[in-house]
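Numbering (my numbering), first residue to last: 10 to 196. The beta carbon of each residue, even a glycine, is placed where N, CA and C say it ideally should be. Treat the numbers as computed from the prediction; the structure is a model and nothing was measured.
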C-alpha cells in the first residue's frame, strides 16, 4: 500500500545519491505502473541535482514515452536549482510539443523559486499561446509566494492580454494564501 510505496520511493532516492545508475536499473527491473512512476520521480530529482547530464543520457534509453517525459522534466527541474540557464537550454533542444512544454514549465517553476524576475524575463519571450500563459501563471504564482508585492508590481506594468489574465488568476490564488488583502484587489 501507501507505506510500501513511500518506502520504495525513499530507498530509490537514497540509493540514487551514491549510485543513481544502479538505482535506475533496479527501478526499471523491479517496479511497474504507478510504482515505477514514483520511483523514477524520486530518482530523477536526486540524479538531476548531482549529474543532470548523466540522468538525461540515461533517460534516452527509456522506452515508455510518458515515463521518459516525466523523468526529463523532473531532471531539468532539479538541474534548474543550480543552473537554470543550462537546464533551459537543454529544454529548448527537446522536440517541440508536450515534452518540451512540460520541461520548460518545470525549469521555469524552479527558476522562479530562486530568481522570479529572471524566470519571468525568459517566460515573456515565449510566443503568445497556452504554453506562455501557463508559464507566466506558474512564474507569477511562485513569485507571489516569495514576494507578493513584487509580483503585483510586475502585473501592474503589463498590458492587457490573455497571458496577463492567466497570470492574474494564478497570482490571486497564490497571494490569497500569503496576503489575502492584496489578493482581494486582484479578484
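Where does residue i land, buried or exposed, given buried means 16+ other C-beta within 10 angstroms?
i           : result
residue 69  : exposed
residue 165 : exposed
residue 29  : buried
residue 183 : buried
residue 25  : buried
Would you kindly check if the distance between the Cβ of residue j and the Cβ of residue i is under 8 Å?
i           : j           : result
residue 153 : residue 116 : no
residue 148 : residue 135 : no
residue 144 : residue 113 : yes
residue 169 : residue 137 : no
I think residue i touches residue j, with their Cβ atoms under 8 Å apart; what is that distance to the nearest whole Å?
i           : j           : result
residue 65  : residue 27  : Not quite, the Cβ-Cβ distance comes to about 19 Å (not below 8 Å), so this is no contact.
residue 151 : residue 121 : 4 Å
residue 84  : residue 57  : 4 Å
residue 21  : residue 32  : 5 Å
residue 48  : residue 17  : 6 Å
Which of the three DSSP states, helix, strand or coil, is assigned to residue i?
i           : result
residue 105 : coil
residue 91  : coil
residue 134 : coil
residue 168 : coil
residue 124 : coil
residue 154 : helix
residue 84  : helix
residue 4   : Nothing can be reported for residue 4: it is not among the residues displayed for the chain, which extend from 10 to 196.
residue 43  : helix
residue 71  : coil
Does the beta-carbon of residue i, which I'm using as the reference point, lie nearer than 7 Å to any heavy atom of the ligand GTP?
i          : result
residue 39 : What this structure holds is no ligand at all, so the ligand GTP is not there to describe.
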